[in-house]
Amino acid sequence: MTVVLLAALARAADDAPADTPVPADDGHAVRALVAAIPFHLATPTTWTMTASPRPVDRGVLLELRADPGLLVPRDAASPLLYVGETPAFPFNWDHVGGCAVVWVPGPVDLGSTEIWFGSDRLAERVDAAWGVAERRAARAVGVRPFPAADVAAALAPELSVASFDEIEALARKRVRACTSTPEDLLR
Amino acid sequence: MFSGPEGVNVWWLAVIGCSGGDPTDDRPAPTDATEETGTPPTTDPACAGHLDEAWCDGDDAVTCDADGRVVSQSTCDHGCVGGACVSCDAVSLQVALSNEGATAVVEVDGAGRRPRAVHLTGTATLSVDGPFRLLRTDGTDLPATPQTDVDALVVADDVGAGTLTATVPGCSQVTVPLVGVPPTPLVGQTMDQAPWFETAWDLFNGGSDAQVLVDPDRYADRVGMTFDAVLVPHRSAAEWASDPGLGSATATVGGSVDGHPLPVPIPVPAAGTLLEGWDLVIDFGRDGRLDPGDLLDGLDTPAFQAIGDLSEPGPYTPRRGDVDVANDTWLHQVVYAPVEIGTLGTLPLVVISHGNGHDYHWYDWLGNHLASWGYVVMSHKNNTMPGPRTAATTTLDNVDYLLGHLGTELGGVLDGHVDPHTQIWIGHSRGGEGVVLAYDRLFRGTATPANYDLSDIVMVSSIAPTIFEGPDAADPHDVAYHLLAGSSDGDVTGSVGQATVQYFRIFQRATGLNLVTYVQGADHNDFNCCGAEDSAWAPSQGPLIGREAAQRLARVYYLATIEALVRGQDALWEIDQRPLDAFRPVGIASPVATQLKRGQGDRKLVVDDFQRNTTVDLSSSGGSVSGTVRDLSEGKLDDPDRELSWRENQPMNGMTWSSNDADPARGAVFGWDDGDDVLLDFELPAAAADLHTASAVSMRVCQRTRNPSMVRPTLDFGVALVDGAGHETEVPTAGYGGVVRTYERGGSGNGVGWVNEFQTLRIPITGFVGDPDLDLTDVRTVRLRFGAAHGSPHGRVGLDDLEILTEATP
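Note that the protein sequences, when read in sequence, are chains A and B.
Each residue of the first sequence is one higher than the one before, counting from 126 in our numbering.
Each residue of the second sequence is one higher than the one before, counting from 615 in our numbering.
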C-alpha cells in the first residue's frame, strides 16, 4: 500500500499532467466489489466528472474495498478511480479502512469493465479519448475486470427512484455502515 | 506662571473646518465706552452721552459730571484706557503653562482649536506677528487697542516663528517669542533602536502599555513641568467643547517634561468592542479638564485604538440554518446570521466554498464567528471532485440561488437584511481556486448570474488554494485578494516541485489590494473542523500549531481584514501589515509572514518591482541600482530545479511565485557575510524626490530557504534615505519587525526549510523625521544597508516591490 501511495504522490508532484495516462494501480488496489446497485432516475442528474457535463438518468452505485492509501482525500492532484473509461464520483474517503462508495453513469457491464486507480488528471479534463487511453494503459499493466462470480454476488436489482437525492441517501447509508474513517461520518 | 483663564468657554474645540477667518459675525455686541447711548446733547459736546463718566476721546482722558460739564480733560502721553491715562508702570505678559522667558510653543490648527492662553497684567496693546492671531477668550478678534488685565488666546495658523508683544506707547514693551509647530502624536511605542519612539501606528492591544512622550525639544517651554497623562474615550471636537472635563478617566499617570525624552507608560484599557478609540490629554494644570495649553492627541481621530481578542465572538448571537433545494445535488447551504439581524439593517454576505473531500458544514468556526460580528455567512456544498472549474460553477450557482430566494428561505429572516453588493468570497483548496475562477468568469462575462454581478464582489480570499488552471485563469484581477496558507500543509503544500499547488502565483497576478497570511505550523485541514491530519503526509515537519490555534489566528485575520475593507476600520490594516515581532494581536501565538500590497497605482511610487528594466543596475522606475552586496542577481521568482537543497549558484532556490508562467514574477536576491558592511542603493526618480508627505517605505523581503546564513528568529537590516546634499538617515528594520526564517520543514532535497516566505516590511516616514538634517523634500536614494552595524551580521535574502507609499493606511 505504501509503495502504491508514494508512487502516486510522486506522480502528483510532477509539474504538469502527463500526456499519456500512467495508472496508479497494477490491478491490485481495488480489492473487492461488495455491492453494485444499478439505478434509474425519473429526474435526470448532471454528470460532472467529465470535460463535457451531461444529464444522465441511469447509473450504478458501487461499494468497493480498496487500498486505503489511495482513498486519501486530497485537493492536489491525486489518482482517480476509474470504472472502464469513466472516472467515478466518490461519496467518501475511507483512508483508514478502505471502503469506497462511488457512482458512475450506467448502464455498466461490470463483467467486462475494469475498476482501478488511474492517473491524476482532473476529472473535468477527462474527455472520451483520455478515458480510452486510461483504460488501455490499465489493461497494459494487467488490470482486469472482477471475476463474473464476484460481480454476480455483488449485483443488485436496478432501483428506480425519483431523483438523485435518493441515491445520495442510499450512498450515505452504505458509507455509515462500512467506513472506518471518522470524518466520513461528518459529511 | 498662571494656569490660564478660569471658566472661559471652549469655543475653539467646537470649531470644525473653520478657516480661522473673520469671526466678527458671531461676536458679542461691542460694549466700548464710545458707543452711542441716545443721551440728549449737553452744553458741552465733549460730554455728550457721557454724563457722570470718565471716558477716552481718542488719547484724551475726559471726565464729565452729571450735568454734562467737563470736569477735566487731558491728553495722555501713552494712550487712554477707561477714561484714564495709561501710566508707564510696568506691564507683564504671561503665557499659561509656559516657562518664564521661554519661546511659547503654539500648535498649528487652521480652525484655531489649539490655542495658548495669555494674560496681560497692567494696561497695554497686545499684538502678534508671524503666523499667529490674537483672540478674546470668546473667540472674537482682540482689537489692537489698549487692554487692561486681560485674558486672551494666541492661535497659530501655520508653522513658523513670531512674537507676542504688549506695547505701551512711548514707554515699555514686553515681548514673548512664539513658535508655531504642527501637532504631533503623543502616544506611541518605544524602540530599542532608532528612532527610539514611533507614533505611526494606531493599534494597541487592550491590556498592554502604550507609551506617552512629551518631547522636551519640541515643547521646550514646558521643561520641568509636571502633568497628568489622561486617557479619555474618544470625543469629537464638539463633544470636547461641551465637556472639557476629563471625567472619571480610565487611565491617568503622572509625568513630567524632563530635559531628555522619557516616555511614560500608560495602560491601554481592555477593549469591550471591536475597536475602542482613546484620546490622550496632557493635563499640565492637573485640574481634570482640558484647558488652553494642555496637549490633546486625538482631536479629529483617536490618539489610538484598542483592540481586544478578535478571535473571540462579537456582540451578536449567531444562528445557523440549512438551505436544501430538493432534487438538486449541489444547491445545499448552511447559513449563519445574527439572531438580531432584524435590527441590524443590511449585512455583508460572506461565502465559503469548501475544498475536495471537505464538507460545507465544516466551517462553523468561521461562520459563527463572522455572524457574531454582524455578517451573513453562507457555506455551500461544493462540487470539487471534478476540479476547480466545476467548483467555481457551484459557487456562482449557490450565491445566485441564495440571493434570489432571500424572501423565502429560512423563513424569510434574511429578507432585506443581506447586502448583495458587499460580498466576500472565501474558498478552501480547490474551492479556493474555484472562487478566483468564478470571479474571473464574472470579469470576462462568461458567467452572468441573475442576482449579482462582478461589482458586488469586494474581496476574494483563498485558503491554501490549488492553481490547476494557472494564473491566466485563476486571476483575481483588481478585486481585493487575500491568501491564507500554512507551511505544514500536507496536501496543497506550496512546494517547489508541484506547480499546481504554488498558490503565490495567484497573489502575483492580482492587481488590486493584495494580502497574504502565511502561517508557520498550520496544515491544510487546520482550516476546517474535521479533515484528515495532513501534516503527517509530509516526511518531516517543524513545530505544528494545531487546528485550534490555526483557526483562532484565522478568525483574527479574517475579521480584521474584512472589517477594514468593508467597514472602514482602517486601524485594523495594521494587523495585516505589521510583522508579529513588532505587533502581536491577542490570539496569535505562532509565526506568521504577512504581506499587504496596495493595488497598481494606488497611492504609491513603485521604485523597483523588477518587472521591467531587468538588468541589475536599473530599477523598474528607471533609476540606477548600485551596491556592494554579494551576489546581486535579478530574475524570475521561479525555482529552476524544483527542489530546495541550498546551492550558492542557484539564486532563485525556494521561489514559488512563478512556474514557467507568462509574465512571470521577478525579484532580486543577494547576500552578505560576517564582517561585511554593504549596501544597495535605489535611485529615486526626480519627480518623486519629495517625500515629506509620504507615509512609508515599503518592500517585500524573504530569507532564502536552507541557506547556511539563515538568521533565527528574524533577520534585520537598515533602511536609509539619502537627500540631495548627501545626508543620510538610517532606520533599522528591527523596530518594525524582522524577516522571519523559513519554516523548518524537511523534504524536497537536503536540509530543512520550506519555500521562501516573503513578507512586507514598512518603515514609516515618521521614523526618519527625527533627523532635522535630512531634507525630506529632496530625497534622492533609498539605501538598504546590511551587516552587523545595521542588523544581522549575515544573510541571504530575496527582495521585491520596493515602494514609497503616500497617505495613510493601508
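From the three backbone atoms N, C-alpha and C, an ideal C-beta is built for every residue, glycine too.
Source: prediction; values computed, not measured.
Where the alpha helix (DSSP H) containing residue i begins and where it ends
i, result
"B/ARG1119", "1118–1123"
"B/VAL895", "Counting along the chain, B/VAL895 falls outside any alpha helix (DSSP H), though it belongs to the beta strand (DSSP E) covering 889–897."
"A/ALA263", "253–265"
"B/TRP1151", "Segment: none, B/TRP1151 is in no alpha helix (DSSP H) and carries neither H nor E."
"B/ASN602", "Beyond the ends of chain B as shown, which are 615 and 1424, falls residue 602 of chain B; an answer cannot be given."
"B/ILE1081", "Premise fails: B/ILE1081 is in no alpha helix (DSSP H) and is neither H nor E."
"B/LEU854", "The amino acid occupying residue 854 of chain B in the given sequence is Trp; Leu does not appear at that position. B/TRP854 -> alpha helix (DSSP H) spans 851–856."
"B/TRP1187", "1187–1191"
Contact set between residue i and chain A, taken where Cβ atoms lie within less than 8 Å
i, result
"B/PHE1082", "ALA202, LEU247"
"B/SER1204", "None at all; the shortest Cβ gap to chain A is about 22 Å."
"B/SER1043", "ASP200"
"B/GLN947", "Per Cβ cutoff of 8 Å: no residues; B/GLN947 is ~15 Å from chain A at best."
Top-ranked residue by Cα proximity to residue i, from the options
i, options, result
"B/PHE1372", "B/ILE1379, B/ASP1387, B/GLU1358, B/VAL1353", "B/VAL1353"
"B/GLY928", "B/ARG1198, B/VAL1239, B/ASP1103, B/VAL1170", "B/VAL1170"
"B/ILE1418", "B/ASP1304, B/THR1347, B/ASP681", "B/ASP1304"
"B/HIS733", "B/GLY753, B/VAL764, B/ARG750, B/LEU860", "B/VAL764"
"B/GLY736", "B/ALA775, B/HIS692, B/ALA716, B/LEU1129", "B/HIS692"
"B/LEU1246", "B/ARG1410, B/PRO962, B/ASP1387, B/TYR1015", "B/ARG1410"
"B/TYR1015", "B/ALA1196, B/TRP944, B/GLY1030, B/GLY821", "B/TRP944"
"B/GLY682", "B/ASP666, B/ASP1330, B/VAL837, B/HIS1042", "B/ASP666"
Cross-chain neighbours of residue i in chain A, by beta carbon under 7 Å
i, result
"B/MET999", "MET174, PHE214, PRO215, ALA248"
"B/ARG1003", "GLU249"
"B/THR1114", "ALA201, ALA202"
CA-to-CA distance, residue j to residue i, given in whole angstroms
i, j, result
"B/LEU909", "B/THR1270", "51 Å"
"B/LEU1097", "B/GLY1215", "21 Å"
"B/ASN819", "B/LEU1068", "37 Å"
"B/THR1343", "B/ALA1302", "18 Å"
"B/GLN787", "B/VAL742", "13 Å"
"B/GLY907", "B/VAL790", "15 Å"
"B/VAL1393", "B/ASP831", "25 Å"
"B/GLU1047", "B/CYS1144", "21 Å"
"B/GLY1126", "B/VAL1093", "5 Å"
"B/ASP1268", "B/LEU1258", "First, the residue type needs correcting, since residue 1268 of chain B is Gly and not Asp in the sequence shown. Using only the alpha carbons, I get a separation of about 6 Å."
"A/THR304", "A/CYS224", "6 Å"
"B/ASP1414", "B/GLY959", "43 Å"
"B/ASP673", "B/ASP901", "42 Å"
"B/ASP1190", "B/ALA1078", "17 Å"
"A/VAL286", "B/SER1273", "48 Å"
"B/CYS661", "B/VAL684", "6 Å"
"B/PRO1063", "B/VAL1072", "16 Å"
"B/LEU984", "B/ARG1318", "36 Å"
"A/THR306", "A/ILE292", "21 Å"
Delimiting residues of the beta strand (DSSP E) encompassing residue i
i, result
"B/ALA731", "730–735"
"A/ILE240", "240–242"
"B/TYR1132", "1128–1133"
"A/ALA157", "155–172"
"B/ILE966", "961–967"
"B/PRO1002", "No beta strand (DSSP E) holds B/PRO1002; the alpha helix (DSSP H) holding it covers 1002–1018."
"B/GLY1332", "1332–1337"
Beta-carbon neighbours of residue i, restricted to chain B and to distances below 7 Å
i, result
"A/PHE164", "Going along chain B, no residue has its Cβ under 7 Å from A/PHE164, so there is no contact; the nearest lies around 14 Å."
"A/GLU308", "CYS1144, GLY1145, ALA1146"
Contact set between residue i and chain A, taken where Cβ atoms lie within less than 9 Å
i, result
"B/GLN1134", "Here the premise fails: no neighbours, minimum Cβ distance about 20 Å."
Nearest-angstrom beta carbon gap, residue j and residue i [assumed within contact, 8 Å]
i, j, result
"B/GLU1083", "B/LEU1056", "That belief does not hold up - the Cβ atoms of B/GLU1083 and B/LEU1056 are roughly 15 Å apart, past 8 Å."
"A/VAL208", "A/VAL233", "6 Å"
"B/GLY891", "B/PRO916", "3 Å"
"B/ALA718", "B/SER712", "5 Å"
"B/GLY1340", "B/LEU1375", "The Cβ separation is near 25 Å, so there is no contact."
Residue i: contacting residues in chain B (beta-carbon distance under 8 Å)
i, result
"A/LEU311", "ASP973, HIS975, TRP976, CYS1143, CYS1144"
"A/ARG199", "ASN970, GLY971, ASP1105"
"A/PHE289", "ASN941, THR943"
"A/HIS220", "ALA1146"
Within chain B, partners of residue i - CB distance below 9 Å
i, result
"A/TRP241", "Here the premise fails: no neighbours, minimum Cβ distance about 17 Å."
"A/GLU314", "Outside the shown range of chain A (126 to 312) lies residue 314 of chain A, about which nothing can therefore be said."
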